[in-house]
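Residue numbers (our numbering): 2 to 109.
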């Protein structure tokens, strides 16, 4: 997702799944495929190198799971504690959340 309009639509009406380290918002789209957006503010993860690592790992995890996900727009929101996770811990957490979202029967 690229435009603020797309992000705002997800923020307005979404299904929320989260953990102490991050939150994923999901909203149905009409495109027929899932899309990813990321909100990783400097206030939550201070250094650019850490923000970029976090975003890179999210993109890779999404790429590996997108064939399982429904046609929804997803926005991943970082929390301060997300920076303390190792790459492996973040992948395992994302695997769990993507699985939950792929099986979620709720529609909004």
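For each residue, glycine too, the CB sits at the ideal point set by N, CA and C.
Residue i bridges to which residues according to DSSP?
i: residue 79; result: 23
i: residue 74; result: 28, 36
Which same chain residues end up closer than 8 angstroms to residue i when comparing Cβ atoms and leaving out the 5 residues on each side of it in sequence?
i: residue 94; result: 20, 22, 23, 86
i: residue 12; result: 26, 76
i: residue 56; result: 39, 41
i: residue 2; result: 8, 11, 36, 37, 38, 74, 76
i: residue 33; result: 72
i: residue 58; result: 88, 91, 92, 95
CB-CB under 6 angstroms to residue i, same chain, minus the five flanking residues each way: which ones, in chain order?
i: residue 99; result: 66
i: residue 81; result: 45
Drop a sphere of 10 angstroms on the beta-carbon of residue i, count the other beta-carbons inside from all chains shown, and report buried for 16 or more, exposed for fewer.
i: residue 48; result: exposed
i: residue 50; result: exposed
i: residue 83; result: buried
i: residue 52; result: buried
i: residue 102; result: buried
Suppose the cutoff is 7 angstroms on Cβ atoms and the five residues either side in sequence are ignored; what does the same chain contact list for residue i look like?
i: residue 70; result: 35, 99, 102, 103
My parser needs the beta strand (DSSP E) runs of 3 or more residues fully inside the stretch 13-61; what are they? 16-19, 23-29, 36-40
Using 8 angstroms as the threshold, is the stretch 26-38 in touch with the stretch 87-98, meaning 3 or more CB pairs across them? no
Three-pair Cβ contact test at 8 angstroms for the stretch 69-86 versus the stretch 3-18: yes
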